[in-house]
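Residue numbers (the working numbering): 15 to 244.
Just so it is clear, CB atoms sit at the ideal spot from N, CA and C, and this is done for glycine as well.
Have a look at the structure below, then the notes.
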Amino acid sequence: MPGRPKSRGIDAPTRRKIWLVRPLDPIDPVLAVGCVPGDEMMIMRLRMFAASLVAAVAIGQAGCSIVAPRPVAENPLLVPSADYETVWKTTVAVLDEYFDIATENRLSHTIVTQPKNGATLLEPWNGDSVGFDERLESTMQTIRRFARATITQAPNGGYVVKVEVHKELEDLARPERAAAGRAVFNNDFPVNRSREIVGPVPVPNGWIRLNRDSKLEQVILQRIRDELFL
Numbered sequence: 015m016p017g018r019p020k021s022r023g024i025d026a027p028t029r030r031k032i033w034l035v036r037p038l039d040p041i042d043p044v045l046a047v048g049c050v051p052g053d054e055m056m057i058m059r060l061r062m063f064a065a066s067l068v069a070a071v072a073i074g075q076a077g078c079s080i081v082a083p084r085p086v087a088e089n090p091l092l093v094p095s096a097d098y099e100t101v102w103k104t105t106v107a108v109l110d111e112y113f114d115i116a117t118e119n120r121l122s123h124t125i126v127t128q129p130k131n132g133a134t135l136l137e138p139w140n141g142d143s144v145g146f147d148e149r150l151e152s153t154m155q156t157i158r159r160f161a162r163a164t165i166t167q168a169p170n171g172g173y174v175v176k177v178e179v180h181k182e183l184e185d186l187a188r189p190e191r192a193a194a195g196r197a198v199f200n201n202d203f204p205v206n207r208s209r210e211i212v213g214p215v216p217v218p219n220g221w222i223r224l225n226r227d228s229k230l231e232q233v234i235l236q237r238i239r240d241e242l243f244l
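Quick look at the structure:
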């Protein structure tokens with residue numbers, strides 16, 4: 015008889031390789047798909063950047079409530095100083111930061127600047143347009159400003175500095191580069207009546223006088239007050 019096959023005994027348990035898999039983050043769909051450690055680091059950096067941006071915006075919105083606003087400078091500003099030369103030169107220097115000086119008349123105690131076109135949203139380095147609204151208006155319209163400052167002696171000693179910033183809007187006969195109306199001839203021939211104007215100098219043709227720019231006046235007065243250590 016053929017021999018009975020020998021029993022091999024109890025089979026040794028087979029070894030199975032167990033892979034330790036990190037549980038996927040159900041919140042992050044990118045990590046749920048699977049990614050390499052380099053991508054995870056990039057995602058973490060993007061999250062930190064987004065959180066920092068949100069925090070910066072929140073702090074900026076709450077900045078006005080956290081930091082107390084500066085007191086409003088009086089216009090005219092009382093300068094308790096007996097040195098007229100220092101007050102005059104300081105006022106000229108501050109006005110020169112925003113405009114070009116046209117005339118300095120010490121006899122009439124007035125300083126007049128040249129008109130300057132308003133700074134637009136694309137010109138953040140110019141400070142003559144104060145605030146977003148003023149810059150937006152200067153971007154959409156042709157706005158110009160000029161300043162006039164007077165320095166007079168105060169009744170109780172010292173000097174009084176008054177700053178006036180006037181705004182003007184450009185007024186054109188027709189839009190620029192407009193071809194309409196060029197071939198229209200006027201048949202009326204009015205009599206030329208030229209009269210000598212007595213009084214303030216009229217505004218040049220092509221500009222409409224607007225209200226005064228109180229925001230820029232406050233900025234200039236605060237700069238004068240800071241320069242004089244008031």
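For the options Tyr112, Thr156, Pro169, the alpha carbon positioned closest to that of aspartate 185 is the one of Thr156.
Judged by DSSP in its simplified three-state form, arginine 162 adopts strand. In the three-state scheme derived from DSSP, where H, G and I count as helix and E and B as strand, glutamine 155 is classed as coil.
Nearest to proline 129 by C-alpha distance, out of Ser122, Tyr112, Glu137, is Tyr112.
With contacts defined as CB atoms closer than 7 Å, arginine 223 and glutamate 178 fail to qualify as a contacting pair.
Taking a C-beta distance under 7 Å as the contact criterion, valine 144 and valine 233 qualify as a contact pair.
Judged by their CB atoms, threonine 117 and valine 126 are nearer to each other than the 7 Å cut-off.
Residue Thr164 holds the alpha-carbon nearest to the alpha-carbon of leucine 121 among Ala69, Thr164, Leu235, Met154. For threonine 100, the enclosing alpha helix (DSSP H) starts and ends at 98–110. Buried is the label assigned to glutamate 148, since at least 16 other Cβ atoms lie within 10 Å of its Cβ. For arginine 237, the enclosing alpha helix (DSSP H) covers residues 228–241. If the five residues before and after leucine 91 are omitted, its C-beta is found closer than 6 Å to the C-beta atoms of Val175, Leu235, all from its own chain and listed in chain order. A straight line joining the alpha-carbon of lysine 103 with that of histidine 123 spans about 12 Å. Within the DSSP bridge table, the entry for glutamine 167 names Tyr173 as partners. Isoleucine 125 is bridged by DSSP to Glu118, Ala163. Secondary structure note for leucine 91: its beta strand (DSSP E) is the uninterrupted segment 91–93.
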